[in-house]
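One structure below.
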Amino acid sequence: MKFISVILKENTSMFKLPDSVFVSMDKDRTSSSHPFWILVAKEIADHIKSWRFIILLFLILLTCVSSLYTSLSSISKAAVKPGNPDDAFLFLRLFTHSDGSLPPFHVFVGFLGPLLGISLGFDAINSEQNGGTLSRVMAQPIHRDYLINAKFMGALIVISVLFLALGMMVTGFGIIIVGIPPTLEELLRIMSFLFFSIVYVAFWLNLSIFFSLRFKQAATSALTAIAVWLFFTVFYQIIINVVAKALLPTASADAYQVLTYQKIISNLLRIVPSQLYSDATTTLLMPSVRSLGPLTMEQVYGAIPAPLPFKESLMIVWPQLTGLTAATILCFAVSYYCFMRTEIRSR
Amino acid sequence: MEDVIELRGVTKCYGSLKAVDKLDLNIRKGEIYGLLGPNGAGKSTTILMMLGLTEPTEGLIRVCNIDSTLNPIEVKRRVGYLPDNVGFYDNQSGLDNLVFIARLNSVRETEARRRALELLSRVGLSGVANKKVGAYSRGMRQRLGLADVLIKKPAVIILDEPTLGIDPSGVKAFLDLIVQLSREEGLTVLLSSHHLHQVQQVCDRVGIFVSGKLIANGTISELSEQLFSNEAFTVEAAITPADAGIIQKLSSTLEDMQGVSHVKYEQGRLLISCAIEKTAAIARAIVDANLDLTYLSPREYGLDEIYQRYFEGEHKHV
Chain R
1 MKFISVILKE
11 NTSMFKLPDS
21 VFVSMDKDRT
31 SSSHPFWILV
41 AKEIADHIKS
51 WRFIILLFLI
61 LLTCVSSLYT
71 SLSSISKAAV
81 KPGNPDDAFL
91 FLRLFTHSDG
101 SLPPFHVFVG
111 FLGPLLGISL
121 GFDAINSEQN
131 GGTLSRVMAQ
141 PIHRDYLINA
151 KFMGALIVIS
161 VLFLALGMMV
171 TGFGIIIVGI
181 PPTLEELLRI
191 MSFLFFSIVY
201 VAFWLNLSIF
211 FSLRFKQAAT
221 SALTAIAVWL
231 FFTVFYQIII
241 NVVAKALLPT
251 ASADAYQVLT
261 YQKIISNLLR
271 IVPSQLYSDA
281 TTTLLMPSVR
291 SLGPLTMEQV
301 YGAIPAPLPF
311 KESLMIVWPQ
321 LTGLTAATIL
331 CFAVSYYCFM
341 RTEIRSR
Chain V
1001 MEDVIELRGV
1011 TKCYGSLKAV
1021 DKLDLNIRKG
1031 EIYGLLGPNG
1041 AGKSTTILMM
1051 LGLTEPTEGL
1061 IRVCNIDSTL
1071 NPIEVKRRVG
1081 YLPDNVGFYD
1091 NQSGLDNLVF
1101 IARLNSVRET
1111 EARRRALELL
1121 SRVGLSGVAN
1131 KKVGAYSRGM
1141 RQRLGLADVL
1151 IKKPAVIILD
1161 EPTLGIDPSG
1171 VKAFLDLIVQ
1181 LSREEGLTVL
1191 LSSHHLHQVQ
1201 QVCDRVGIFV
1211 SGKLIANGTI
1221 SELSEQLFSN
1231 EAFTVEAAIT
1241 PADAGIIQKL
1251 SSTLEDMQGV
1261 SHVKYEQGRL
1271 LISCAIEKTA
1281 AIARAIVDAN
1291 LDLTYLSPRE
1301 YGLDEIYQRY
1311 FEGEHKHV
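Here the protein sequences line up with chains R and V, keeping their order.
Taking my numbering, the leading residue of the first sequence gets 1, the next gets one more, and so forth.
Taking my numbering, the leading residue of the second sequence gets 1001, the next gets one more, and so forth.
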């Protein structure tokens, strides 16, 4: 709950709003009668009751259970090969292990998360506008930004609760079936993985809220958001492949040139939020990952094949976290700005 | 009497288009004021500015002595606004919709529920309080809208085209309800409409709004006096069709009569405007001209004529 409000504060305070807004929000946080929390409560109720969310929830639960099943059924065979540093973290393998028939849990989340974010946000503003309820709500004694903040907050709370519940469920089943409780480090890693997932879904949520402001028709905004998602997951990789082939250094190129080339390509890939997310989650869930870029022989030479401590893994993915958070905030800031500038007219 | 709504030199521009042009308007406490005008005259824009939902390009707006531009929250606490084509959350019941709005006005849950039920029975919706709004008819939605506006116990209510799309008997009931509420609770009501008859029925004063300007303001009798001071009476006479020459001659005879300012003939009907009551003399003149008089009636000026007259004036300017 705390980090959610931190995100919200960071977002809104970029625009110099009167402090009293936040002061009053903080003061009344516990009492449910503050208008902002009434709006948030309504948003959450709307999401939970909507068919759209129920269908997605079902889909996510299904994939979660099936990936848990595949990892549990094959983990006993794969486990404990001496010398493999990941094996020290058996519990994390629940999230990453797969026998090849189904992708592991974190890949599934990376794939379905955007869909969840888009579905929670694509009609946030335009449905209110088209239903004629926007001007009715805006005629009440509330600040204008309450509405868009509540839209974001409500969806974010739903997402957070969902992911925490899923993560806890996988952990719980893991404890029952494997019989080993997670160590503190594993728990930290799982928590930060869940946090990353929430930030990642929040990015897609904000993007779709932005589209819901720009496009009057909910269908247009949903399609645009899905188009962006498809572009980033499918077509962007193809484009990068073409670029990579064009830039490919000759066979006679020296190591430095090859290294630069590798860096350019991976940086280009990292423009995409899904790449940032998968980089970050892989590093967090597989302690053996030591670097996300190319390593030279000198760097690897003499390294002990041991897992990285949690702090070091977190250091590696810090840029990814910053980038993802920045993209999320940027999307929210743009939609906030647009919303504050639009004129509230009846239908 | 105290002014509840006060507008001074308010201008609103959208690019080069002036939606509202140097508007001055005062609305007194407890009165029902009708804002009249054709579509796109700037009525809704004016209302939005009063609520602080849109900022005026220029000018000062005070509602209940509070500046709407600087302190819209306080204004919205005191003003109930029923937008034109109001929307409700269709998947919630009428009661829930009202409670939600009351809660946004910082009313406690139990109190909100009590008020909502009371208002629903007041507007005649208690039977369908727990039905989803999606199943409501147009008239029911409009009545729910009125309850929605009243739930915050406002001092002023602003209704934008409240009667649009309701059947005639529904309109009558709806307007009666507004008048009743206004008289009982001492509410100030601002009503925007382009339906003249409805406004005429309920409003104490009206303002006529054309292309962003308030071109007339006052009670209906004041307005007709202002406009038709030299032609306070109009007599309409139907005669059997006759030779153009005879009609011409009759017209000039009538125009020569004292007090008659204007004579118009169209399709077997004579329209005679005069400053004093001349019906008998006109009848005699027509009979003297050897024409068959089939119908003679003095006409009074209603809002229709006032409105029409202003628009004639408007078109002449263009």
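Glycine included, every Cβ here is placed at the ideal spot set by N, Cα and C.
Where residue i meets chain R, residues with beta-carbon distance less than 7 Å
i, result
"Phe1088 (chain V)", "Thr133"
"Arg1205 (chain V)", "Per Cβ cutoff of 7 Å: no residues; Arg1205 (chain V) is ~24 Å from chain R at best."
Beta-carbon neighbours of residue i, restricted to chain V and to distances below 8 Å
i, result
"Met315 (chain R)", "What Met315 (chain R) touches in chain V: nothing, since even the nearest Cβ is about 45 Å away."
Short CB-CB distance (under 7 Å) between residue i and chain V
i, result
"Ile75 (chain R)", "no"
"Glu343 (chain R)", "yes"
"Arg93 (chain R)", "no"
"Cys338 (chain R)", "no"
"Ile142 (chain R)", "yes"
"Arg136 (chain R)", "yes"
Interface flag, residue i vs chain R, CB-CB below 7 Å
i, result
"Asn1026 (chain V)", "no"
"Arg1103 (chain V)", "yes"
"Arg1077 (chain V)", "yes"
"Tyr976 (chain V)", "Not covered by the structure: residue 976 (chain V). The range shown for chain V is 1001 to 1318."
"Thr1163 (chain V)", "no"
"Ile1005 (chain V)", "no"
"Leu1053 (chain V)", "yes"
"Tyr1081 (chain V)", "yes"
"Ile1073 (chain V)", "yes"
"Leu1017 (chain V)", "no"
"Val1020 (chain V)", "no"
"Gly1059 (chain V)", "no"
Nearest candidate by alpha-carbon position, reference residue i, set the options
i, options, result
"Cys1274 (chain V)", "V:Gln1267, V:Val1202, V:Ile1239 and V:Ser1261", "V:Ser1261"
"Ser74 (chain R)", "R:Phe58, R:Asp99, R:Ile180 and R:Val242", "R:Asp99"
"Gln275 (chain R)", "R:Ser252, R:Val242, R:Ala41 and R:Phe232", "R:Phe232"
"Leu1120 (chain V)", "V:Val1099, V:Gly1170 and V:Val1107", "V:Val1099"
"Ile1005 (chain V)", "V:Leu1017, V:Lys1018, V:Met1049 and V:Pro1038", "V:Met1049"
"Gly1009 (chain V)", "V:Pro1168, V:Ala1102, V:Asp1024 and V:Ile1272", "V:Asp1024"
"Ile159 (chain R)", "R:Gly132, R:Ile118 and R:Pro319", "R:Ile118"
"Met286 (chain R)", "R:Arg189, R:Tyr336, R:Val242 and R:Leu162", "R:Arg189"
"Phe215 (chain R)", "R:Val242, R:Ile177 and R:Glu128", "R:Glu128"
"Gly1015 (chain V)", "V:Leu1190, V:Asn1026, V:Leu1187 and V:Thr1057", "V:Thr1057"
"Glu1074 (chain V)", "R:His143, R:Tyr336 and R:Leu116", "R:His143"
"Phe163 (chain R)", "R:Phe195, R:Glu185 and R:Phe152", "R:Phe195"
"Ser197 (chain R)", "R:Thr282, R:Leu68, R:Leu308 and R:Leu94", "R:Thr282"
"Thr1219 (chain V)", "V:Tyr1033, V:Asp1021 and V:Leu1017", "V:Tyr1033"
"Leu156 (chain R)", "R:Cys64, R:Pro249 and R:Ala202", "R:Ala202"
"Gly1259 (chain V)", "V:Glu1277, V:Tyr1265 and V:Asp1176", "V:Glu1277"
"Ser291 (chain R)", "R:Phe173, R:Leu134, R:Ile238 and R:Trp318", "R:Trp318"
"Cys64 (chain R)", "R:Phe108, R:Leu324, R:Ile54 and R:Tyr200", "R:Phe108"
"Asn149 (chain R)", "R:Ala333, R:Ile344 and R:Ile316", "R:Ala333"
"Val1210 (chain V)", "V:Asp1096, V:Glu1255 and V:Ser1192", "V:Ser1192"
"Leu205 (chain R)", "R:Met153, R:Leu68 and R:Pro103", "R:Met153"
"Thr1253 (chain V)", "V:Asp1243, V:Ala1238, V:Glu1222 and V:Ala1289", "V:Ala1289"
is_contact[residue i, chain C] using C-beta, thresh 7 Å
i, result
"Ala139 (chain R)", "Among the protein chains in the structure shown, which are R and V, there is no chain C."
Presumed contact (8 Å Cβ cut-off) between residue i and residue j, rounded CB distance
i, j, result
"Ser208 (chain R)", "Phe122 (chain R)", "4 Å"
"Gln1198 (chain V)", "Thr1163 (chain V)", "5 Å"
"Gln364 (chain R)", "Ile1101 (chain V)", "The first residue shown for chain R is 1 and the last is 347, placing residue 364 (chain R) beyond what the model contains."
"Leu1293 (chain V)", "Thr1279 (chain V)", "Incorrect: roughly 11 Å between the Cβ atoms, too far for contact."
"Asp1160 (chain V)", "Pro1083 (chain V)", "6 Å"
Chain-ordered chain V contacts of residue i [CB-CB under 9 Å]
i, result
"Pro104 (chain R)", "Near Pro104 (chain R) there are no residues of chain V at all, since even the closest Cβ is about 38 Å away, more than 9 Å."
"Ser33 (chain R)", "Arg1103, Ser1106, Val1107, Arg1108 and Glu1109"
Amino acids of chain R, ordered along the chain, whose beta-carbon sits closer than 8 Å to that of residue i
i, result
"Phe1100 (chain V)", "Ile38 and Lys42"
Distance cut-off 6 Å: residue i Cβ against heavy atoms of the ligand SAM
i, result
"Arg1028 (chain V)", "Looking for the ligand SAM in the displayed structure turns up nothing, as the structure carries no ligands at all."
Subject >> Completely contained alpha helix (DSSP H) runs for the region 158-215 of chain R, where each covers 4 or more residues >> reply: 184-214
Subject >> Runs of beta strand (DSSP E) wholly within the region 253-325 of chain R (minimum 3 residues, chain order) >> reply: none
**OP:** Could you tell me which uninterrupted alpha helix (DSSP H) segments, each at least 4 residues in length, are contained entirely in the region 1078-1125 of chain V, listed from first to last along the chain?
**Re:** 1094-1104 and 1109-1122
Subject >> Whole alpha helix (DSSP H) elements within the region 1230-1306 of chain V, 4-residue minimum >> reply: 1244-1256 and 1279-1288
Original post:
Hey, which unbroken runs of the alpha helix (DSSP H) at 4 residues or more fall wholly within the region 25-64 of chain R?
Top reply: 35-49
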